[in-house]
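In my numbering, the protein residues as written are 24 to 424.
Yeah, the Cβ is synthetic: ideal placement off N, Cα and C, and Gly gets one too.
Remember, it's a predicted structure, so these values are computed and weren't measured experimentally.
First comes the structure, then the notes that go with it.
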Amino acid sequence: MIYREVLSYMAERSGIPLWIVDEQAEIRFSTIDESRFGDRKNMRKFFSSFVGGGMAPRVKKFDTHELYGSFPFEDEAGGFTLVAGPAYEIHPYAGGRKGACRILFHADCIKEILLMMPTVSLSEFCRFVAVLAEIYTKSAYAPQALEQGLEKYALRDWIDGRLAEIIFDIREEERETVYEPEAEKKFLSYVTKGNVEALQNFKLPKAKAADAKETKYQNLFEAVALVTLATRAAISGGLDYVEAFSLSDLYFKRLSRVTNDKELSEIIPQILSHFAQRVKESSHRAPLEETSPYIRRSIQYIRLHLHSPIRLEDVAREVGLEPKYFSRLFVSLTGEKFSSFVQRERVLEAKNLLENTNRTTIDISNSLGFSSQSYFIKVFERYIGETPGEFLEKKKQQKGK
């Protein structure tokens, strides 16, 4: 099978699973370990709908916020179909629906796998599928055409009705928290009100003793549920939903790297304080609804991609404008150059991370794409009025009082 290394690399970099199935919908290659597969018969039934149906790539979207891309190709062994997905526009832990994951993955692995799944925009996913198709078929495809030809499905209609009843329960799962309900309501109200101070030393008391049999992943899933609740509380407090889900996705990834319960207990207050801080800052911003829809969408895109490279040309293409016109429009409506706005938003994100997490300045500056540590310190001081070191020292002094 050609280009297995390419598939493995792209899956690793994107977080999106990739599959190759033959003409009988049998899995011939996957970037997901075979031990995590669901029932093979049900998986074959699921993938069979991707086989056939023309030679051009297709992108499908389900009502469960799942995206899948597929296209046929041939090599010396015969004809095959490459399937990319699931990818999510809204993360399952924020949206409450896990969709086809209950077919693709073993029940014991679903939550662990979803913790590492990224959120992507439709246009980003279409670009990803177009690149894969070009590599495998030697033909170029326009991502915009894939987006415009999007096929939409209701998951229950797409899968055989009886199979859906057996496999799926797409209602949001009820969660029985181990924390005291009143305490949980209190911290949610702090997030909604943007009350950062109240959350800095706030601890959630448990309503019942920890189960001696509980595992690291059970504790991790409880933490993920708290992030989901904090995301919704932040949106209720006025935080833009794209920004809120972007923040939750960032912390889902961080939680997936937690190695012990001590680290887990330390990160929860940081997460809650960070959400509250974003709510507090959003109350001082001019509402995005009062600006041009192009500028509103571009600002949402910028805030969603602060930890990735951001080019004016890419954002202009995202909102559907010619780059030079978009640049002039951005300055005229925001009063700020595009590059300055991106830089300021990254500094504000750095300030939030310094204030609400234990991450180092080097880690934060690298994550936000600053070219060097000295440049990060210089830019931080320009916008905040003090260096990151001075900011952290003041933070320590305030905690000591």
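In angstroms with no decimal places, state the Cα-to-Cα distance between residue i and residue j.
i: A11; j: T215; result: Examination of residue 11 is not possible in this model, given that the chain is present from 24 through 424 alone.
i: P40; j: P332; result: 23 Å
i: V29; j: S305; result: 41 Å
i: G261; j: V219; result: 15 Å
i: F69; j: K134; result: 20 Å
i: E416; j: E57; result: 49 Å
i: S8; j: N381; result: Nothing in the structure corresponds to residue 8, since the chain is present only between 24 and 424.
i: L211; j: K64; result: 43 Å
i: L249; j: A221; result: 17 Å
i: E245; j: L138; result: 12 Å
i: Y26; j: D98; result: 11 Å
Hey, residue i and residue j are a contact pair by Cβ (cut 8 Å); roughly how many whole angstroms apart?
i: Q300; j: N379; result: 6 Å
i: F96; j: T160; result: 5 Å
i: F298; j: L270; result: 7 Å
i: S71; j: R81; result: Incorrect: roughly 14 Å between the Cβ atoms, too far for contact.
i: V342; j: R320; result: 5 Å
i: A48; j: E89; result: Between E89 and A48 the Cβ distance is about 18 Å, and since that is not below 8 Å, they are no contact.
Tell me which residues share the same chain as residue i and place their Cβ nearer than 8 Å to its Cβ, disregarding the 5 neighbours each side in the sequence.
i: E157; result: A163 and Y164
i: E170; result: V82, L145, S146 and C149
i: V338; result: S321, Y324, I325, F349 and F361
If we call anything under 8 Å between Cβ atoms a contact, is residue i one with residue j?
i: V365; j: I322; result: no
i: V44; j: F103; result: yes
i: C132; j: R59; result: yes
i: L287; j: L344; result: no
i: L356; j: I318; result: yes
i: G38; j: P141; result: yes
Classify residue i: buried if its beta carbon has 16 or more other beta carbons within 10 angstroms, exposed otherwise.
i: T254; result: buried
i: L278; result: buried
i: M78; result: exposed
i: N283; result: exposed
i: R280; result: exposed
i: P166; result: buried
i: T251; result: buried
i: I291; result: buried
i: T384; result: buried
Spatial neighbours of residue i within its chain, please: C-beta separation below 6 Å, excluding the five flanking residues on both sides.
i: Y91; result: K83 and G108
i: F128; result: R59, G61 and I136
i: I182; result: In this predicted model, I182 has a pLDDT of only 47, less than 50, meaning its place in the structure is not dependable; the value taken from the coordinates is given anyway. Here the set comprises nothing.
Using C-beta distances below 7 Å, list every residue in its chain close to residue i, excluding the 5 sequence neighbours before and after it, in chain order.
i: R51; result: M24, I43, V44, D45 and F103
i: L391; result: L329, H330, R369, E372 and A373
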